[in-house]
Amino acid sequence: MKKGPIFLQIILSVILIVVGYIEKGNWTESKYSTTGYIALLTFIVTFVYENYNRLGFYFQSQVLLKNTDVRVSISYLYRIKVENEYLLVKSRTRKYFQPVGGCYKTLPGCEKIFEELDVRADRKFETEKGIAKNDLRVHVKGKNLIKFLKWFDSKEDREISPWREFCEELIATEILEWRPFRYIDYKFKKKIQSPIIDLDMGGKGLFIYEVFDLVINDEQMPLLIDLKAKPSENYIWVTDEVIQTLGHETGSKSFPHEIGPHTKYAQNLKWNK
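Sequential numbering from 3 applies to the sequence shown in the numbering used here.
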C-alpha cells in the first residue's frame with residue numbers, strides 16, 4: 003500500500019475487511035479481507051519500525067500536545083579539546099560559558115514547508131544585534147512536530163555547515179588568528195534531542211543539539227596551546243570534571259565560572275537534565 007496519511011491507510015484496510023465480510027459472510031475467507039488484513043498488518047509493522055524508539059514522543063506530540071505550541075530550538079556545538087581541557091566561550095546573551103556554536107539558520111526556499119506546517123519564528127529571543135533572524139528557533143504545533151523534524155533531517159533549505167558560528171565566536175572576535183583557522187576539519191559525533199519539556203519561561207519546548215569534535219591539525223595545535231596560557235574574560239579552558247558540575251570546583255562552594263547546562267549534554271552526548 004502506498005504510504006499516506008495514517009487515517010487513510012487504516013480506513014482503506016478496514017473497508018477491505020468489511021467488503022470481504024459482506025462478500026463471504028465471515029471475516030477471513032474473502033480475498034478482500036485477506037488484502038485488508040495484510041495492509042493493516044503492514045501498516046502496523048512499518049509504523050512501529052519507523053517509530054519504535056520514539057513511540058512515547060509520537061503519542062505525546064500527536065495526541066497529548068496535538069494543538070499545543072512547542073518551542074523548538076536546533077543548534078550545533080563544538081567540543082574543542084586540547085590536552086585534558088575544553089574551550090568554552092562567554093555567551094553573548096547569558097552570563098555563563100558554553101561550547102562554541104549556535105542555532106542553525108534557514109535558507110530561502112523553506113517558506114513553503116514552514117507555511118504548510120504553520121511554523122512560526124520565535125520573536126522573543128534577542129541578541130546584541132536585536133531579534134535573531136532566520137534562526138531555527140521556532141514554534142510548531144505538536145501535530146506538525148514530527149514532519150518538521152523530518153524536514154530538518156532532510157537538510158533541505160537550511161544551513162548544514164557549523165562553520166559560521168566558529169568564525170563568529172572565535173575568528174571575528176580575534177580569539178584565534180584567522181589564517182591558520184580559515185579552514186577547519188570537524189567530525190560529527192551525535193544528535194542529542196531532549197524530550198518535550200516544560201520551559202521556565204512557560205509553555206513547552208524541545209531542544210536539539212548536533213555535536214561536532216574539532217579536528218585540530220599540526221599548525222593549529224600550538225596556537226590553541228598558547229591560547230590556554232592567555233587568560234580572558236571571553237573564554238575559559240576547563241576539565242571534564244568542571245563541566246560535569248557546571249562550574250563548581252571540587253572542595254569549594256563557589257562557582258568561579260558558571261557553565262551552561264547544554265555544555266554537559268554535548269560533553270556526555272546525551273540529554274541528562
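Ideal Cβ placement from N, Cα and C applies to all residues, glycine included. Keep in mind that this is a model prediction, so the values were computed, not measured.
(request) Taking Glu167 as part of the beta strand (DSSP E), name the residues at either end of that continuous run. (result) Along the sequence shown, one-based indexing puts residue 167 at 165. First-last for Glu167: Trp165 to Phe168, but that is the alpha helix (DSSP H), not the beta strand (DSSP E).
(message) Are the CB atoms of Gly262 and Glu167 within a distance shorter than 7 Å?
(response) To locate residue 167, count along the sequence shown from 1; it is residue 165. To locate residue 262, count along the sequence shown from 1; it is residue 260. No. Outside cutoff.
(request) Grab me the residues of Leu178's own chain with a C-beta within less than 6 Å of its C-beta, minus the 5 sequence neighbours each way, in chain order. (result) Reading the sequence shown from its first residue, position 176 is the one you call residue 178. Excluding residues within five positions, the ones whose Cβ falls inside 6 Å are Leu172.
(request) Kindly indicate which residue of Cys169, Lys192, Ser196 and Leu225 has the alpha-carbon position closest to the one of Val213. (result) Residue 213 sits at position 211 when you count from the first residue of the sequence shown. Residue Lys192 is the option with its Cα nearest to Val213.
(message) Give me the residue from Val20, Tyr60 and Leu90 with the minimum Cα distance to Glu235.
(response) Position 233 of the sequence shown, counted from the start, is the residue given in the question as residue 235. Out of Val20, Tyr60 and Leu90, Leu90 has the C-alpha closest to the C-alpha of Glu235.
(message) Can you confirm whether Lys152, when its beta carbon is compared against all beta carbons of chain D, has any partner nearer than 7 Å?
(response) This model lacks chain D altogether; it includes just one protein chain.
(message) I'd like the span of the beta strand (DSSP E) that includes Ser77, first residue to last.
(response) As a first step, residue 77 must be located in the sequence shown, where it is residue number 75. Its beta strand (DSSP E) spans residues Asp71 to Arg81.
(message) Does Ile133 pass the burial test, meaning 16 or more other C-beta atoms within 10 Å, or should it be called exposed?
(response) By one-based count along the sequence shown, residue 133 stands at place 131. Note that Ile133 scores a pLDDT of 46, beneath 50, so its modelled location is shaky and nothing firm can be said.
(message) According to DSSP, simplified to helix, strand and coil, what is Leu123?
(response) Here residue 123 refers to the residue found at position 121 when the sequence shown is read from its first residue. A quick correction: the sequence has Ala, not Leu, at residue 123. Three-state DSSP puts Ala123 in a strand.
(message) Measuring only the C-alpha atoms, how far is Tyr211 from Ile194?
(response) Here the question's residue 211 lines up with position 209 in the sequence shown. Here the question's residue 194 lines up with position 192 in the sequence shown. Answer to the nearest angstrom: the Cα atoms are 5 Å apart.
(message) Considering just the uninterrupted stretch of the beta strand (DSSP E) at Val240, what are its terminal residues?
(response) Here residue 240 corresponds to residue number 238 of the sequence shown, with the count starting at 1. Where Val240 is concerned, the enclosing beta strand (DSSP E) stretches over Tyr237 to Val240.
(request) State buried or exposed for Asn69, treating a residue as buried only when at least 16 other CB atoms are found within 10 Å of its CB. (result) Residue numbering aside, residue 69 sits at position 67 when the sequence shown is read from its first letter. Around the C-beta of Asn69, fewer than 16 other C-beta atoms lie within 10 Å, and the residue is accordingly described as exposed.
(request) Identify whether His264 lies in helix, strand or coil by the three-state DSSP scheme. (result) As a position in the sequence shown, residue 264 is number 262, starting the count at 1. Helix, per DSSP.
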